[in-house]
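Okay, structure first, notes after.
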Amino acid sequence: MIDIKFLRENPDAVKENIKKKFQDNKLPLVDQVIELDAQSRNAKQQADDLRSNRNKISKQIGALMAQGKKDEAEEVKKQVTQQAQQLAELEAKEQELSAQVNEIMMKIPQIIDPSVPIGKDDSENVEIEKFGEPVVPDFEIPYHTDIMEKLSGIDLDSARKVAGNGFYYLMGDIARLHSAVISYARDFMIDRGFTYCVPPFMIRSNVVTGVMSFAEMESMMYKIEGEDLYLIGTSEHSMIGKFIDTIHKEEQLPYTLTSYSPCFRKEKGAHGIEERGVYRIHQFEKQEMVVVCKPEESKMWFDKLWQNTVDLFRSLDIPVRTLECCSGDLADLKCRSLDVEAWSPRQKKYFEVGSCSNLGDAQARRLKIRVSGEGNKKYFAHTLNNTVVAPPRMLIAFLENNLNEDGSIRIPEALRPYMGGKDLIK
3 MIDIKFLREN PDAVKENIKK KFQDNKLPLV DQVIELDAQS RNAKQQADDL
53 RSNRNKISKQ IGALMAQGKK DEAEEVKKQV TQQAQQLAEL EAKEQELSAQ
103 VNEIMMKIPQ IIDPSVPIGK DDSENVEIEK FGEPVVPDFE IPYHTDIMEK
153 LSGIDLDSAR KVAGNGFYYL MGDIARLHSA VISYARDFMI DRGFTYCVPP
203 FMIRSNVVTG VMSFAEMESM MYKIEGEDLY LIGTSEHSMI GKFIDTIHKE
253 EQLPYTLTSY SPCFRKEKGA HGIEERGVYR IHQFEKQEMV VVCKPEESKM
303 WFDKLWQNTV DLFRSLDIPV RTLECCSGDL ADLKCRSLDV EAWSPRQKKY
353 FEVGSCSNLG DAQARRLKIR VSGEGNKKYF AHTLNNTVVA PPRMLIAFLE
403 NNLNEDGSIR IPEALRPYMG GKDLIK
């Protein structure tokens with residue numbers, strides 16, 4: 003959510019930003035919010051004037067009573083009663099208008115970073131850099147679920163009976179590999195100075211609307227019936243929520259956290275949810291990284307976060323590349339985002355395995371995450387997040403890039419301690 007003061011003073015810049023995100027249907031919102039904001043401030047000013055006048059009249063009543071002018075004092079009291087009713091009406095109007103302004107402001111997208119390429123959708127994202135040499139072996143690489151099934155590592159049919167499409171049972175060494183990757187990612191991030199955390203897996207609605215746009219909320223979140231609780235789609239949601247309505251001293255920043263959680267997503271409107279695979283699913287596990295920092299440090303942390311994911315994948319011998327997300331592919335709260343994609347030898351192309359995002363002060367403004375700086379001056383923190391690993395999607399890249407011709411799976415040296423010393427799954 004952008005600063006209302008910035009919008010008042012720069013409406014044309016806000017409209018231009020909306021155009022860059024190809025959301026022209028939101029252009030009228032700028033003028034609407036300016037008009038409602040003016041009405042809200044006017045109601046507040048009238049209410050403040052009445053309160054000031056009430057204080058003066060109260061003193062006047064006291065003076066009249068002291069002089070024994072009881073009748074005159076009673077007449078003045080009638081004015082107080084009348085103004086009290088006017089004040090109550092103004093306060094209600096101010097509250098209603100303020101709520102309308104806030105609702106519209108939540109729909110207006112964050113100002114994107116100047117470095118973001120302009121494009122309509124993810125087809126116009128820009129490749130930045132490749133890491134590692136993509137290899138296509140001489141033998142045919144089966145579909146990832148076929149690889150898992152040959153190793154007795156997955157049961158999709160039973161999961162479909164139990165929970166429906168988009169779920170799975172991981173079994174044996176594949177299940178162990180899944181857990182090994184998560185544990186390795188946890189320790190990888192701890193070694194880089196991040197604090198490990200296991201957060202709540204459910205959050206309240208005020209946290210949901212604080213960390214994501216209404217569109218994301220509708221397409222992703224599962225609501226717990228009869229309660230003000232939602233299942234998290236990623237641990238970033240509850241990790242940022244941890245700081246709701248707090249003030250932090252500058253010297254305490256940055257907070258660098260790495261968190262584990264299961265994740266639950268509707269995947270509403272997603273293609274391929276009926277496919278026999280685990281690329282797009284309703285439930286998975288994830289290791290995440292989250293940073294809360296000073297505004298001037300967010301660019302530096304953005305670069306550190308995506309580099310962490312690249313380094314982790316390269317430590318497991320998986321080639322990756324980075325893509326700068328274009329304006330039309332950015333969620334409304336993001337000012338910049340970069341995808342990390344892993345090489346698929348079977349498809350002979352890259353696919354997304356992580357997303358690094360700088361949200362500027364958008365989440366902090368919604369959740370009131372503030373910093374106390376020099377002279378006790380308060381300002382909003384910046385928040386960032388990035389995927390470390392998200393199996394089982396990451397397992398697809400792992401299995402394809404470490405598959406041997408005989409169907410066995412090579413275990414990279416870095417992962418062997420988490421697999422009981424095994425160097426091969428067969």
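Counting with this note's numbering, you get residues 3 to 428 for the letters of the sequence shown. Glycine included, every Cβ here is placed at the ideal spot set by N, Cα and C.
Check your understanding: Should the stretch 321-331 be called in touch with the stretch 122-142, which here means at least 3 C-beta pairs below 8 Å?
Key -> yes
Review point. Taking the alpha carbon of Ala237 as the point to measure from, which residue in Glu287, Asn208, Gly279 has its own alpha carbon closest?
Key: For the sequence presented, residue 237 should be read as Ser rather than Ala. Closest option to Ser237, Cα to Cα, is Glu287.
Check your understanding: When you compare each of Glu74, Gly422, Ile113, Asp26 to Asp5 by their alpha carbons, which one comes out closest?
Key -> Ile113
Review point. On the three-pair Cβ rule with 8 Å, is the stretch 253-268 touching the stretch 295-308?
Key: yes
**Study point:** Proximity of Met204 and Leu231 at Cβ, strictly below 7 Å
**Key:** yes
Review point. Where does Gly377 land, buried or exposed, given buried means 16+ other C-beta within 10 angstroms?
Key: exposed
Check your understanding: In whole angstroms, what is the alpha-carbon distance linking His146 and Val118?
Key -> 34 Å
Check your understanding: Within this structure, are the beta carbons of Val391 and Val209 separated by less than 7 Å?
Key -> no
Review point. Since Ile234 contacts Cys199 with CB under 8 Å, what's their CB separation in whole angstroms?
Key: Their Cβ separation, rounded to whole angstroms, is 13 Å, which puts Ile234 and Cys199 out of contact at 8 Å.
Check your understanding: If you count every other CB in all the chains shown that lies within 10 Å of the CB of Ile149, and 16 or more means buried, which is it?
Key -> buried
Point to revise | C-alpha distance - Asp425 paired with Pro139, whole-angstrom precision | key: 20 Å
**Study point:** As assigned by DSSP and simplified to three states, the class of Phe196
**Key:** coil
Review point. How do the stretch 297-314 and the stretch 355-367 stand: do at least 3 beta-carbon pairs fall below 8 Å, yes or no?
Key: yes
**Study point:** Beta-carbon spacing of Leu31, Ile110 below 7 Å
**Key:** yes
**Study point:** Sequence-distant residues of its chain with Cβ nearer than 8 Å to Ala49 (five each side left out)
**Key:** Leu89, Leu92, Glu93, Glu96
**Study point:** Alpha carbon of Val137 to alpha carbon of Leu314, nearest angstrom
**Key:** 18 Å
Review point. Using the C-alpha atoms, what's the distance from Ala344 back to Ser42?
Key: 50 Å
Practice item. Go to Glu126, then tell me how far its beta strand (DSSP E) extends in each direction, as first and last residue. Key: Element bounds for Glu126: n/a, residue is neither H nor E.
Check your understanding: Name the DSSP beta bridge partners of Ala187, please?
Key -> According to DSSP, which records beta bridges pairwise, Ala187 is partnered with nothing at all.
Exercise for review: Tell me whether the beta-carbon of Glu402 lies closer than 7 Å to the beta-carbon of Ser339.
Suggested key: no
Point to revise | Within 7 Å, strictly: CB atoms of Asp319 and Pro394 | key: no
Check your understanding: Sorted by chain position, which residues of the same chain lie with C-beta nearer than 7 Å to Ala187's C-beta, five sequence neighbours on each side aside?
Key -> Gln289, Leu314, Val390, Val391
Check your understanding: Bridge partners of Arg323, per DSSP?
Key -> Lys132, Glu343
**Study point:** Phe353 in three-state terms, based on DSSP
**Key:** strand
Review point. Taking the continuous alpha helix (DSSP H) assigned at Lys152, which residues delimit it?
Key: 146-152
**Study point:** Given Leu405 as reference, the closest of Gln25, Ser100, Phe141 once Cα atoms are compared
**Key:** Phe141
Review point. Any idea what DSSP makes of Gln289, helix, strand or coil?
Key: strand
Check your understanding: At which residues does the alpha helix (DSSP H) containing His239 begin and terminate?
Key -> 237-243
Check your understanding: What is the DSSP secondary structure of Asn388, reduced to helix, strand or coil?
Key -> strand
Check your understanding: Is DSSP giving Arg53 helix, strand or coil here?
Key -> helix
Practice item. Look up Asp363 in the DSSP assignment and give the residues it is bridged to. Key: DSSP output for Asp363 lists no bridge partner at all.
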